[in-house]
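Numbering-wise, the sequence shown is residues 140 to 758 according to the numbering used here.
Backbone N, C-alpha and C define an ideal beta-carbon position, used for all residues, glycine too.
Notes follow the structure.
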Amino acid sequence: MKFKLSVLLLVALAFQVSAQSDRWQQRAKYQMEIDFDAVNHRYKGIQKLVYTNNSPDTLQKVFYHLYLNAFQPGSQMDVRSRSISDPDPRVKDRISKLSPSEIGYEKVLSLKQNGKALKYEVVGTILEVTLNEKILPKSQHTFDMEFEAQVPLQIRRTGRANAEGIDYSMAQWYPKMSEYDYEGWHANPYIAREFHGIWGDFDVKITMDAAYTIAGTGYLQNPDKIGHGYSTKNVSHKPGDRLTWHFVAPEVHDFMWAADRDYQHDVVKVDDKLDLHFFYQTDTLANVWKQMQPLAVRAFKIMNEQFGRYPYKQYSVIQGGDGGMEYPMATLITGRLNLHALTSVTVHESIHSWFQGLLATNESKYPWMDEGFTTYAQNIVMAELFPAKGDPQRNSTNSYRALVKSGAEEPLTTHADHYNTNKAYSVASYNKGAVFLNQLNYIMGKEAFQRGMKRYFNEWKFKHPNPTDLKRIMEKESGLELDWFWENFVGTTKTIDYSIREVVANAGKTDVVLERIGQMPMPLDVVVSYKDGTQENFYIPLEIMRGEKNEKWYSKTTQLADWGWTYPEYSFTIDRNVADIQMIVIDPSQRLADLDLDNNVWPPTASKTTPRFKAAKVK
């Protein structure tokens with residue numbers, strides 16, 4: 140049955156990939172056999188990689204990632220952490236202090252292409268390989284490798300004996316072929332940022348002491364032999380026994396696993412198509428993990444409904460790592476947290492399955508399209524799981540505003556590895572990325588935006604979309620021209636700041652003058668609340684949108700003439716006496732990421748602590 144399901148999934152996915160005629164995808168088929176020595180924290184591996192070049196290009200070289208080499212004194216990750224002004228507190232100078240028995244490494248012992256030995260050079264975390272035989276377009280080549288590796292002390296994401304006592308977090312642990320796409324090779328050195336990988340299939344066998352429970356990517360093929368919570372049968376092992384765990388993972392771009400001698404393994408169903416697996420130590424907060432599990436089920440149901448169906452039949456939430464990190468079909472998360480925090484990190488990392496696991500944008504180049512979109516969806520899901528008043532995106536917007544005011548902001552076009560500070564990277568990628576989607580919601584209207592997000596997922600999963608691919612989807616769903624928004628909000632650090640400059644009585648009517656203070660143009664909703672309890676939204680489109688949104692957010696909307704973005708001021712007239720007006724507010728929905736809210740309200744608020752928007756009765 141598992142074989143049939145895998146075949147059907149691969150056929151469906153192959154059709155999805157081929158349906159996008161102008162976006163080819165490379166293919167990688169990995170077979171690995173790992174012999175793990177838990178006494179010395181080392182392992183030997185045999186890897187067979189069948190690589191298919193679906194590009195129109197002839198390849199002269201290939202590159203592998205050797206991520207574990209980053210955990211050595213003097214590595215680029217080490218030096219970067221010791222030279223940046225605000226180092227990650229989990230890293231700091233810890234790599235520089237590792238002893239030879241504590242470092243990580245991957246050593247390639249032999250490498251062959253189609254049976255013939257190859258020349259290669261190790262350059263930090265990259266293996267540069269000179270081919271004997273060019274890889275022609277539409278051709279398939281086989282690479283056979285023997286390697287050995289040592290697991291470092293836990294520093295960042297991967298390693299052994301972390302602060303919570305997890306034995307092994309095995310992320311970025313094997314020689315991994317770099318991605319080659321329409322932009323070329325992406326053989327970036329590893330400095331603890333983001334990733335980009337080839338779509339492929341993994342067949343992995345891991346042999347180690349039977350005392351360990353293994354969790355990770357893929358479907359276990361021999362559960363009745365393994366036990367450890369994977370089988371309904373009573374399976375026991377003698378001390379000193381070694382087990383070979385056999386995992387198969389179809390159509391993923393990475394493979395992660397973790398092992399611990401004290402894991403509790405629970406399985407909970409989302410529905411008849413999806414099981415959630417939970418691996419955690421029972422001596423931590425086992426009761427909190429039990430409480431979190433039904434919330435995780437609800438989170439997957441919300442995501443399936445609002446953003447698109449998770450296509451695999453399994454997802455694993457694994458205690459390990461040093462915070463939270465996403466991988467295909469699984470995540471490593473910190474385990475010793477209260478219920479809200481544990482749920483939040485589980486929700487965030489599992490939502491990555493949509494934006495990184497399935498859409499798989501190059502998150503090194505566009506981290507905001509992964510971390511930011513995940514944060515946006517996390518804010519929505521958490522607001523349903525833990526209801527609270529106010530805009531669920533408020534914290535992300537406030538974090539973005541604080542970054543702008545600090546003067547440390549850099550454009551979203553900055554590569555993840557190249558931000559000047561960790562703060563600028565984190566706030567831009569996570570929070571400004573979320574704000575980006577909230578601004579789209581405001582520009583397009585909620586209904587068109589939600590349709591666009593689902594269409595984006597369904598059309599671009601398994602295809603590595605870029606920012607323009609998203610823009611075209613949103614333009615088709617909204618009927619608007621949106622390049623101006625991408626150019627300004629992504630490509631620059633221009634900010635949004637509008638004000639109600641003047642409200643003047645005029646022969647029984649009221650003239651309103653608005654001012655654009657910031658350099659970032661936006662359409663506006665200006666809501667007028669009258670003293671008789673009614674309200675009216677004056678909607679002002681931008682001329683360069685070449686259209687208007689269709690949104691039923693307010694009880695009454697009057698559409699005004701377009702605002703040409705070069706004009707700093709805009710005037711309109713309300714057909715009511717100024718004495719009839721209780722309040723005028725720019726965007727009471729609070730989606731607009733306006734930097735200064737004090738000048739968005741008329742009459743000016745007497746105190747900054749006074750609630751500004753309670754009089755605007757948003758429908």
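Taking each of Thr352, Val740, Trp692 and Asp509 in turn and checking the Cα distance to phenylalanine 417, the smallest one comes out for Thr352. With contacts defined by Cβ atoms closer than 8 Å, aspartate 650 and aspartate 735 do not form a contacting pair.
For glutamine 674, same chain residues with a beta-carbon under 8 Å away, outside a window of 5 residues either side, are Val666, Val667, Ser668, Tyr693, Ser694, Lys695, Ala755 and Lys756 in chain order. As the crow flies, the alpha-carbon of serine 240 is around 34 Å from that of asparagine 501. A Cβ-Cβ separation of about 28 Å leaves arginine 381 out of contact with isoleucine 294 under the 8 Å criterion. Listed in chain order, the beta strand (DSSP E) runs fully inside the segment 609–684 are 637–645, 648–655, 663–669 and 674–679, counting runs of at least 3 residues. In the DSSP annotation of this structure, the continuous segment of the alpha helix (DSSP H) that includes valine 427 starts and ends at 425–445. Where asparagine 271 is concerned, the enclosing beta strand (DSSP E) starts and stops at 265–274. In the structure shown, isoleucine 345 adopts extended strand secondary structure according to DSSP, grouped into three states. Non-local C-beta neighbours of lysine 408 in its own chain, meaning closer than 6 Å and more than five positions away in sequence, comprise Asp414, ordered along the chain.
Within the same chain, Ile612 and Glu616 come within 7 Å of arginine 594 by CB-CB distance, once the 5 residues on both sides are set aside.
For the beta strand (DSSP E) assignment, the uninterrupted runs of no fewer than 3 residues enclosed by the segment 183–252 are, from N- to C-terminal side, 198–204 and 244–252.
Assignment of beta-bridge partners to aspartate 410 by DSSP yields Leu413. About 5 Å separates the beta carbons of tyrosine 539 and asparagine 570, which is inside the 8 Å limit, making them a contact pair. A residue is called buried once 16 or more other Cβ atoms fall within 10 Å of its Cβ, and glutamate 245 is buried on that count. By the C-beta criterion, the segment 188–208 is judged not to be in contact with the segment 526–535, since fewer than 3 inter-stretch pairs fall below 8 Å. Of the residues Lys315, Pro550, Gly463 and Asn426, the one whose Cα lies closest to the Cα of threonine 632 is Pro550. Around glutamate 626, the same chain offers no residue with a beta carbon nearer than 8 Å, after the five sequence neighbours per side are excluded.
For asparagine 426, the closest C-alpha among the options Tyr558, Gln403, Phe439 and Ala209 is that of Gln403. Residue pairing by DSSP places methionine 722 opposite Ser668 in a beta bridge. Each residue's CA atom was taken as its position, placing arginine 400 and asparagine 179 some 16 Å apart. DSSP places arginine 533 in the helix class (H, G or I) of the three-state scheme. Per DSSP, threonine 513 is one residue of the alpha helix (DSSP H) stretching across 512–524.
Measuring C-alpha to C-alpha distances from glutamate 272 to each of Gly263, Gln252 and Asp671 identifies Gln252 as the nearest. Taking a C-beta distance under 8 Å as the contact criterion, aspartate 556 and isoleucine 330 qualify as a contact pair. Listed as beta-bridge partners of glutamate 172 by DSSP are Ile185 and Lys344.
Per DSSP, the continuous beta strand (DSSP E) segment holding phenylalanine 711 begins and ends at 708–713. Going by beta carbons, histidine 325 and serine 568 fall outside the 8 Å limit. With fewer than 16 other CB atoms across the displayed protein chains lying within 10 angstroms of its CB, tyrosine 321 is exposed. Secondary structure note for lysine 258: its beta strand (DSSP E) is the uninterrupted segment 258–262. Beta-bridge pairing by DSSP links tyrosine 402 to Gln420.
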